[in-house]
Amino acid sequence: MVESRLHLADEAATLACGAALAAVVRPGMVLFLEGGLGAGKTTLTRGLLRALGWGGNVKSPTYTLVEPYDLASGPFYHFDLYRLLDPEELELIGGRDYFSSDAICVVEWPDKGAGFLPPADLLIRLITAGGGRDIVVCSGSAAGKTALVEWQPLIQGQFSE
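Positions in the sequence shown are counted from 1; adding 5 to them yields the numbering used here.
In C-alpha cells:
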C-alpha cells in the first residue's frame, strides 16, 4: 500500500488538491472519502470535478444519495451515504450499476455502504487540523498505487507534508 499525507491550509488548497487528483484518476476508479462533517469531502470533490471540466454547481448529494455528472471523459458519480439507514438501500437504487469500468465514483461515508460497495482504489481521509485539514491518501488497488505514484510529483511543494 502506498500512502501520502499532506496539510491543506484552506479551502483553496483543498480545491487544488482535488484538481491534482483529477490528473491521475481514471475511469473505472472508486474513491472513498472519509472524514467528519465539514472536513472538506465535498470541497475536494468539487476541485476534482472542476479539473475534469465540470462548470456547473457541485453540491453534496446528502439527500439524493448520488449526484451524476456527465463529463467528456465519461460518467462521474458522487455519492454521499451519510443518511443511508441500511446498506441494502444501495441495492434498491441500483447502486451496483453505477460502478462500471467507464465511470469514476467518489463515495463519502463509505462505511455506511459496507458490503454493497466495491473496494476503493483510493481511500482518502480528511481530518480537521490546525485551521485547515490533513489529508491522507492510501492506495487500495494496483490502479490506486499507480495513481498515487503519478500524483506525488504533481503535489510536490504545493502543500506542506
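The C-beta atom is built at its ideal place from N, Cα and C for all residues, glycine as well.
In the DSSP output, what is residue i paired with across the bridge?
i      : result
Leu159 : According to DSSP, Leu159 bridges with nothing at all.
Lys9   : The question names Lys, but residue 9 in the sequence shown is Ser. Paired residue(s): Val142.
Glu72  : His83
Glu39  : Arg130
Counting C-beta neighbours from all protein chains within 10 Å, is the total for residue i 16 or more, i.e. buried, or is it exposed?
i      : result
Val154 : exposed
Arg88  : exposed
Ile98  : exposed
Ser105 : exposed
Gly136 : exposed
Pro68  : What sits at residue 68 in the sequence shown is Tyr, not Pro. Exposed, because fewer than 16 other Cβ atoms sit within 10 Å of the Cβ of Tyr68.
Pro66  : buried
Gly162 : exposed
Ala108 : buried
Need the endpoints of the alpha helix (DSSP H) that residue i sits in, please.
i     : result
Arg31 : Careful: Arg31 lies outside any alpha helix (DSSP H) and carries neither H nor E.
What residue range does the beta strand (DSSP E) around residue i cover?
i     : result
Leu53 : Unbroken run through Leu53 is the alpha helix (DSSP H), 46 to 56; no beta strand (DSSP E).
Next on the checklist: As an exercise, report each continuous alpha helix (DSSP H) stretch of at least 4 residues that is fully enclosed by the stretch 78 to 150, in chain order.
Outcome noted: 94 to 97, 100 to 103
Checklist entry - With a cut-off of 8 Å, do at least 3 Cβ pairs link the stretch 6 to 16 to the stretch 104 to 122? => result no
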